[in-house]
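4 protein chains.
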Amino acid sequence: MLRVAIIGASGYTGVELARILCNHPEFELTVATSRQYAGKPLSDVFPNLLGKTDLICENLTIEELCEQADLFFAAVPHKTAMDLVPQLLRVGKKVVDLSADFRLRDVAVYEEWYQEHSSPEFIAEAAYGLPELYREQIKKARLVANPGCYPTSIVLGLAPLLQKGLIDPATIVVDSKSGTTGAGRSANVGTLFCEVHDGFKAYKVGGTHRHLPEIEQELSGVSGKQVTISFTPHLLPISRGILSTSYASLSADVTEDALRDLYLEMYKDEPFVRIVPAGTFPTTQHVRGSNFCDIGFAIDKRTNRIIVVSTIDNIVKGAAGQAVQNMNLICGLEETMGLEGAPFFP
Amino acid sequence: MLRVAIIGASGYTGVELARILCNHPEFELTVATSRQYAGKPLSDVFPNLLGKTDLICENLTIEELCEQADLFFAAVPHKTAMDLVPQLLRVGKKVVDLSADFRLRDVAVYEEWYQEHSSPEFIAEAAYGLPELYREQIKKARLVANPGCYPTSIVLGLAPLLQKGLIDPATIVVDSKSGTTGAGRSANVGTLFCEVHDGFKAYKVGGTHRHLPEIEQELSGVSGKQVTISFTPHLLPISRGILSTSYASLSADVTEDALRDLYLEMYKDEPFVRIVPAGTFPTTQHVRGSNFCDIGFAIDKRTNRIIVVSTIDNIVKGAAGQAVQNMNLICGLEETMGLEGAPFFP
Amino acid sequence: MLRVAIIGASGYTGVELARILCNHPEFELTVATSRQYAGKPLSDVFPNLLGKTDLICENLTIEELCEQADLFFAAVPHKTAMDLVPQLLRVGKKVVDLSADFRLRDVAVYEEWYQEHSSPEFIAEAAYGLPELYREQIKKARLVANPGCYPTSIVLGLAPLLQKGLIDPATIVVDSKSGTTGAGRSANVGTLFCEVHDGFKAYKVGGTHRHLPEIEQELSGVSGKQVTISFTPHLLPISRGILSTSYASLSADVTEDALRDLYLEMYKDEPFVRIVPAGTFPTTQHVRGSNFCDIGFAIDKRTNRIIVVSTIDNIVKGAAGQAVQNMNLICGLEETMGLEGAPFFP
Amino acid sequence: MLRVAIIGASGYTGVELARILCNHPEFELTVATSRQYAGKPLSDVFPNLLGKTDLICENLTIEELCEQADLFFAAVPHKTAMDLVPQLLRVGKKVVDLSADFRLRDVAVYEEWYQEHSSPEFIAEAAYGLPELYREQIKKARLVANPGCYPTSIVLGLAPLLQKGLIDPATIVVDSKSGTTGAGRSANVGTLFCEVHDGFKAYKVGGTHRHLPEIEQELSGVSGKQVTISFTPHLLPISRGILSTSYASLSADVTEDALRDLYLEMYKDEPFVRIVPAGTFPTTQHVRGSNFCDIGFAIDKRTNRIIVVSTIDNIVKGAAGQAVQNMNLICGLEETMGLEGAPFFP
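Protein chains in written order, with the numbering used here: chain A, 1 to 346; chain B, 347 to 692; chain C, 693 to 1038; chain D, 1039 to 1384.
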């Protein structure tokens, strides 16, 4: 068994990592850190884990951490991650970092949207952890920058179109909706039950969400030219799930059938991408609790636009599940190991 | 007191009409029809009305109906409405029709999206019941076609921009999200609690929703030229509320402050339109149970697009509340009568 | 217009008071205090109030407060209230206190369940604000202790049975379920959306909830002897609503019909108590947003127990609505003024 | 691989069985029947299963069924089951029946609460599928009557107390709350999203729910004497989960610590029963998607009652999961096979 640590285990990504790792046949969760809950059993913090793990939350030095594990999931906020991750790498550990700190290849862009970067020298070697696009780099990496949840849903949905040059990148509009786990587990009036329940809102309207440069970096990468998009995130009164509705003008004369063939072909070997049947569209409920990304689309002939609907469970394929998928790849394990469960419905 | 009837009282629009009318100082609800529940007290069908009305649901002939009321809210499905409404008009009654049957001015468009129209001769005289645009016509009408819920939210959000020619109509993309009351009260697997709860989906993707021609008719009207848009509706796991996020390329060089002045000016005398403070965006929770339409917006300078967020309670301003607003106008009453309540939060 | 202040306007009780007062024909909301939001428009804190009030949240001294209002709703936590309320009374103001500080007639009981009482001399003159039991006292009071939400639902449900001696008080078991507004608006991990949504739990199991002595005081009052009950509160994933299911052994041989007559008779002049039709049971949805308490019951012949189901909107009849009802009584106004709206469904 | 069929695959129990069986290492799902969806891929009916199964829903004769599978999960309504199950048994198949038809050992009781029984001769040999009480019988059975969801939660919660004679059976009051999957997947106005969402209600008040004789049969069994209880089910606005709050008078002088030892001892070898830490209480969220039953309790010294809180996922431990647990036992497999996943939170 490979010894695995979760750094920052008390958030929603942390508990989901723990849930997956509890049943993983090759990874053994040996450390779970939490400053706030140090000394408490992890199953006191998250009673769903009762009987599945006896780990006590700890607040450890890097040295202590490194004695107890070889593989690390860093589930700490950005800024904290950029200080922590290099210390792990320097002593030979392998890291999947779930923060934004090593996702943006251009440090200037990072510093424009976040803050000064303390370890820019590690950016270049970080693999961007979207296996559907970067599988080979990930396999060889010691540091994987696990993608953001919005970017995962959007890039998987639009990549085939951009790669084949079928849409005009300047016309892309992405309207995304996220479950509330995406807002984290900090005590906050804005995410109290009574503020979110039975409601819906947009936020970061006008192109100001920090996932935007990451989305554009990846869309530009597959497209081969600079892509600038409109992106509006919204908050859904659900726990898990992101659904992105992407609009773009078609730049070629294609049929829905031809596009379907394209998507099926591009993702035919992908274990976690499902193209839904013609005439149907994905829903968050049908990927809940799984590592799947479901994709559907339609052409609006009246406006010559294609509309792509893509959905993931934001804390699985959008965070913890994709992180385990990446760690599997790093370790040369079967990519789907520990992630085989079918989605929960209802 | 004016005698008012609800035809089709057993749906969500029906119960909301009854709720509003129960407290209306000038309207007296004298008839509530329901084929399915005939003979049952309306408060058995909707126990929230217990003690507020003693009406028994009835299944009446037109003659019986006309003896008992002078003003009619037709809350029946399209097709049923186009047969019913003319019979009421011919005997001198006044009607607010909540179906789609008299909304589209071009009967050919109606017949393309719905079915053959049996009473096209009444279309011309129907006022489109959006008081913010058609107040004077409504006041003089005997038939008001109450707008659809999606169109209400979208047209109020985009009208100022189109009227002033500030956006390129060809670039309009509208991504709308509706609460589940919009799907009606028929028994249906797709709208069971367990199918909708904790989930989210798109439907009628690709420009196939029947509200589309209505939206385009009205946007074209304010714009002065033919407008064709992309429109995708989604289903929210909430009961009440529509939120529409509209995107368009700016065709003029304007600031957010200038736009705010424009919106404030255009809607300054409107009792039910609220422009939310700069830097904030409307949410469905904050209009719940009220006749308000809340509007906010931002400019995305990176893409030169404006994003408008507009929200209503779909069964109030999007149906029953706007219908009462229209009936008030028809009757020469204070437009806001019976609709003064502040929204419910939380 | 009578000048009214809300002290502690930034909680859920505060916003609901403001919502009701905005449309009250005789009360004018002239002050809303909030330490946290001082200087901010109340409609920034609660955007549902936009256009309904221009009040700015203030942090005032008692002197300033007393200059600007004559009637006070104290919506502050217990302990804060017992210091504040006497200062208002001493200068001749009238107060409805929504905290627990003046509800328990026995100061020893108060101090056992809460803490030392700084103003025990005001307890005796406080009327317990359940108009169905104490209407005449309330009319003459200058201080009303507005009941707790759980007690309101339970006492109204059981009073007829205890008053007539039809049940054995020693066998009473009350299982209550409350919406999450009852937990307040403080930032708290336990009431985050993702912790409450799609879940259900019991809390304060074993007779430790602070509403227990209040419930027992009132049940003892109507019963004429000391009543000790089992009471378990639960947290519902809804915003508004309490439903209490009460069980007791019948001590007399009565039929459901006879009990129905008893309930109908006892509450026949009560504007806010509804006995639901035979064979039906109340639901939280059907009182939502209203000041109603709905009551239904059944006899279980197999066990000779009666089961009473009673429900209220916890922030209306369980807090703000009942507070306005009490203030109406204090001021000699129509008891239902400002509270006539029918419940919202769905 | 053992060939397994689901008869009645289009309900919520059906889809959950399919989800579990998709990943079961020894069972291969070879048939899924559905009259309504015959000819449709199961993954069209339940898109969560896309890519996990290629099965087409079929409407088969008994002969065809028996050719294609050896183990059967009967997920059809009661009455249908009693006709179907004997036909499978007669040709040597093994059956876990999820209906009520073989749960009640006394056919007269069955016929009082349901209807005439067409196959009473099979009742005696049916093992009641609660492994915690009947493991040895289940192992030897060819027919297992899978327990109802309410009974599972209640019997596991109260069994230790009754077995040791620590409570007075005549005082038992059980207040249960169930998620809406328990109401099935038939199109029904009462279970539409807008009827259930943001609400809560009691139903079958007064001892009329059909699970009552089953609960009493099992409580009487562990108690050794006839037990008659009060039982009130409620409908929660959640998909999955039952939480039962049980009250009873203590008939012995015991401490919470002693009771904790008792529960821990009785369930120490049970893979799916978890006693939650002292001072905490179980919640539906923490068993969601798993086969666990979580139990907590407190003593109310004021009333000398014990309150037991027990919770399960009603379609896992309350239906599909327990059915697989039973089939594992029948087949001599590891009891936990396919059921090892940790609960989902949030």
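Beta carbons are placed, not taken as given, at the ideal position from N, Cα and C, and that holds for glycine.
Predicted, not measured: the structure shown is a model, and the values here were computed from it.
Coil, strand or helix - residue i by DSSP
i	result
Leu884(C)	strand
Pro493(B)	coil
Ser569(B)	helix
Pro733(C)	strand
Arg274(A)	strand
Leu104(A)	coil
Cys749(C)	coil
Cys639(B)	strand
Arg288(A)	coil
Ala862(C)	helix
Asp83(A)	helix
Ser1191(D)	helix
Chain-ordered neighbours of residue i on chain B, where CB pairs are closer than 8 Å
i	result
Leu243(A)	Phe546, Lys547, Ala548, His580
Status (buried if at least 16 other CB within 10 Å, exposed otherwise) for residue i
i	result
Leu1127(D)	buried
Arg620(B)	buried
Phe1073(D)	A small correction: the amino acid at residue 1073(D) is Arg; Phe does not occupy that position in the sequence shown. Exposed, by the Cβ-count rule.
Thr379(B)	buried
Lys268(A)	exposed
Asn1020(C)	buried
Leu162(A)	buried
Asn48(A)	buried
Thr1209(D)	buried
Ala1358(D)	buried
Lys1263(D)	exposed
Ser1284(D)	buried
Paired residues, beta bridge with residue i - DSSP
i	result
Thr1270(D)	Asp1213(D)
Arg1041(D)	Glu1066(D)
Lys94(A)	Leu71(A)
Thr311(A)	Leu243(A), Asp294(A)
Tyr820(C)	Ala837(C)
Leu1127(D)	According to DSSP, which records beta bridges pairwise, Leu1127(D) is partnered with nothing at all.
Own chain partners of residue i with C-beta closer than 7 Å, once the 5 adjacent residues on each side are dropped
i	result
Ile1007(C)	Tyr704, Thr705, Glu708, Thr873, Arg932
Met774(C)	Asp793, His809, Ser810, Ser811
Val1292(D)	Leu1204
Residues of its chain near residue i, where Cβ-Cβ distance is below 6 Å and the 5 sequence neighbours each way are ignored
i	result
Val573(B)	Pro515, Glu562, Leu565, Ser566
His716(C)	Gly1030
Leu1061(C)	In this structure chain C extends from 693 to 1038, so residue 1061(C) is not present and cannot be described.
Close beta carbons around residue i, own chain, < 8 Å, minus the five adjacent residues each side
i	result
Pro1041(C)	Chain C is shown only over 693 to 1038; residue 1041(C) falls outside these bounds and no answer can be derived.
Leu264(A)	Ile275
Asn1097(D)	Thr1071, Ser1072, Arg1073, Ala1076
Residue i: contacting residues in chain A (beta-carbon distance under 8 Å)
i	result
Gly1327(D)	Gly289, Phe344
Phe627(B)	Lys201, Ala202, Tyr203, Val205
Tyr704(C)	Cys194
Within chain D, the residues that residue i reaches when beta carbons sit closer than 8 Å
i	result
Lys52(A)	Ala1380
Thr181(A)	Pro1384
Under 9 Å by beta carbon: chain B residues contacting residue i
i	result
Asn1006(C)	Within 9 Å Cβ-Cβ: nothing; Asn1006(C) doesn't reach chain B, min ~11 Å.
Cross-chain neighbours of residue i in chain C, by beta carbon under 9 Å
i	result
His197(A)	Thr872, Phe885, Val888, His889, Pro929, Ile930, Ser931
Residues that residue i contacts on chain C, provided the C-beta gap is smaller than 7 Å
i	result
Asp1338(D)	Gly898, Gly899, Ser922
Interface residues of chain D facing residue i [CB-CB closer than 7 Å]
i	result
Val1001(C)	Ala1240, Val1243
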